[in-house]
């Protein structure tokens with residue numbers, strides 16, 4: 430069954446994302462196995478959205494025990510998660526559009542996960558395909 434196209438960060442998008450992550454089930458790099466980073470996305474079509482990266486997965490809602498929180502504009506979140514555009518993310522970070530609260534070192538830990546596995550790349554690709562333009 431073809432994936433329904435969903436608006437980035439909508440409830441439907443989170444359900445599809447969860448389904449894709451469960452079906453493909455990519456291995457979790459040891460560096461990020463215990464990593465939780467809360468994200469607060471601002472300026473999206475449905476207002477503010479709270480989610481987190483937990484053990485390499487996107488999960489709706491915040492974790493109470495996450496040591497780090499990122500506050501990012503909707504377009505930057507999209508560039509990061511859907512377009513995998515590191516340049517856009519870096520420039521948003523440098524220009525202060527991304528606010529980091531808490532433990533900055535945890536962001537560096539994300540970099541240490543290394544290149545994504547083929548399965549993780551497949552997850553990104555499937556999520557991108559079901560996200561509306």
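Numbering (the numbering used here), first residue to last: 430 to 562.
Beta carbons: idealized from backbone N, C-alpha and C, even for Gly.
Contacts around residue i, its chain only, beta-carbon distance under 6 Å, and the 5 residues preceding and following it disregarded
i: residue 507; result: 437
i: residue 531; result: 496, 497 and 498
i: residue 511; result: 557 and 560
DSSP bridge partner residues for residue i (one or two, in chain order)
i: residue 486; result: 483
i: residue 435; result: 560
i: residue 469; result: 479 and 500
Residues of its chain near residue i, where Cβ-Cβ distance is below 8 Å and the 5 sequence neighbours each way are ignored
i: residue 533; result: 497
i: residue 501; result: 468, 469, 470, 471, 509, 521, 526, 527 and 528
Residue range of the unbroken alpha helix (DSSP H) whose run includes residue i
i: residue 530; result: Run containing residue 530: none in the alpha helix (DSSP H); it sits in the beta strand (DSSP E), 528-531.
i: residue 536; result: 534-540
i: residue 516; result: 515-523
Sequence-distant residues of its chain with Cβ nearer than 7 Å to residue i (five each side left out)
i: residue 430; result: At residue 430 the pLDDT is 47, less than 50, meaning the model places this residue with poor confidence and gives no usable figure here.
i: residue 473; result: 438 and 503
i: residue 477; result: 469, 470 and 471
Residue i, enclosing beta strand (DSSP E) - first and last residue
i: residue 502; result: 497-502
i: residue 448; result: Residue 448 -> not in any beta strand (DSSP E); alpha helix (DSSP H) instead, spanning 440-453.
Cβ separation of residue i and residue j, assumed to be a contact under 8 Å, to the nearest whole Å
i: residue 544; j: residue 553; result: Contact flag wrong, Cβ pair sits at about 12 Å.
i: residue 453; j: residue 484; result: Between residue 484 and residue 453 the Cβ distance is about 14 Å, and since that is not below 8 Å, they are no contact.
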